[in-house]
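Everything on this sheet refers to the single structure shown next.
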Amino acid sequence: MFKTILFDLDGTLLPMDLNHFLTNYFGGISRYFAGLYDPKTLQQCIWASTEAMIRDNRPDKTNQDVFMEDFFARLEGSPDQLMPLFDRFYDQEFGSLACCTEPTPLSRQICLELHEKGYQLVLATNPIFPDTAILHRMRWAGIHDIPWALVTTYENCHYCKPNPNYFKEILETIGAKPEETLMVGNDTKEDLIAGKLGIKTYLVTDNLIDHGQEERDADFEGRLEDFMAYARSLPRAKQKD
407 MFKTILFDLD
417 GTLLPMDLNH
427 FLTNYFGGIS
437 RYFAGLYDPK
447 TLQQCIWAST
457 EAMIRDNRPD
467 KTNQDVFMED
477 FFARLEGSPD
487 QLMPLFDRFY
497 DQEFGSLACC
507 TEPTPLSRQI
517 CLELHEKGYQ
527 LVLATNPIFP
537 DTAILHRMRW
547 AGIHDIPWAL
557 VTTYENCHYC
567 KPNPNYFKEI
577 LETIGAKPEE
587 TLMVGNDTKE
597 DLIAGKLGIK
607 TYLVTDNLID
617 HGQEERDADF
627 EGRLEDFMAY
637 ARSLPRAKQK
647 D
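Here it is, written out as structure tokens:
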């Protein structure tokens, strides 16, 4: 019997072509650093620092801490000089990237259905972006005002997908048991790794990211509309013990 449901965002509740989104993301952010760094150098450094976040396994360092330490070791320039440029980009231009997504009313309907039934909901998006960028994407998906128990961001997380510690930290933060939790996502590596902890998994195939494993280890599989039907079939959640 489930009590908690975790949702991935990009490609799951927010349909998108990830490559198209990233191309426009890097094009936009490069304009804010024009005159300081060439676009290729900036992109390489952002990717490298993002990879550093994903690899890091220190419980005393948030993802933000890891990114900042790595990024500013790669480029000349102080945080006081460069962070306002990042902030300005997220405040002024990131919202225009909504054109790279294809929001569906199903996402909001699913979340409202499950909330009404008493399930604890977590937006388990890979926490490699700041909270401002995640809030933008939640608005695009129409789920920004859902009463989430937790939204994972790079400010409040110490691990990234596909590190199992990412899911362990979520469970500890919200007081959930793995056997009472379902992870819903579209990535066969980043999302299905939750199964290693005993969390049941539902693979959404509309914008599938398949890393080529010989077998998909999902407990359930289907399109987002299939998950809507699945959510409607679920009983009301029992209150926590």
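Residues in the sequence shown are numbered from 407 upward in steps of one, following this note's numbering. Glycine is no exception: its CB is placed at the ideal position from the N, C-alpha and C atoms.
Between T538 and D497, the alpha-carbon positions lie close to 8 Å from each other. Three or more beta-carbon pairs separated by less than 8 Å link the segment 411 to 422 to the segment 608 to 620, which places the two stretches in contact. Cα atoms of Y572 and G601: separation of roughly 12 Å, rounded to the nearest angstrom. The DSSP assignment places complete alpha helix (DSSP H) segments of no fewer than 4 residues inside the segment 549 to 601 at 570 to 580, in order along the chain. Rounded to the nearest angstrom, the gap between the Cα atoms of E627 and I605 is 15 Å.
The residues L442, in chain order, have a CB closer than 8 Å to that of G483 in the same chain once the five nearest residues on each side in sequence are set aside. Beta-bridge partners assigned by DSSP to K446: none are found. DSSP places E627 in the uninterrupted beta strand (DSSP E) bounded by F626 to G628. Counting along the chain, the unbroken alpha helix (DSSP H) around L518 starts and ends at P511 to E522. Per the DSSP secondary-structure output, M422 pairs in a beta bridge with T507. Under the DSSP assignment, Y608 falls outside any alpha helix (DSSP H), being part of the beta strand (DSSP E) whose first and last residues are K606 to V610. Note that the C-beta distance between T468 and I580 is not below 8 Å. Proximity of the segment 433 to 440 to the segment 486 to 502 meets the contact definition, three or more beta-carbon pairs being nearer than 8 Å. One thing to note: T587 has its Cβ no nearer than 8 Å to the Cβ of L598. DSSP links D466 through a beta bridge to no other residue. Distance from the CA atom of F477 to the CA atom of P485, rounded to whole angstroms, is 10 Å.
A direct Cα-to-Cα measurement between H426 and I576 gives close to 29 Å.
Looking at P570, N532, H550 and S639, the one whose alpha-carbon comes closest to that of N562 is N532. Residue range P485 to Q498 is occupied by the alpha helix (DSSP H) that includes F495. Put simply, the segment 544 to 561 touches the segment 513 to 521. At least three CB pairs are less than 8 Å apart. Between R629 and L609, the CB-CB gap reaches or exceeds 8 Å. Restricting attention to N569, P509, M634 and A504, the CA atom closest to the CA of A530 is found in N569. With a beta-carbon spacing of about 16 Å, N592 and C506 fall beyond the 8 Å limit used to define contacts. In this chain, T531 is not harboured by any beta strand (DSSP E), its DSSP state being neither H nor E.
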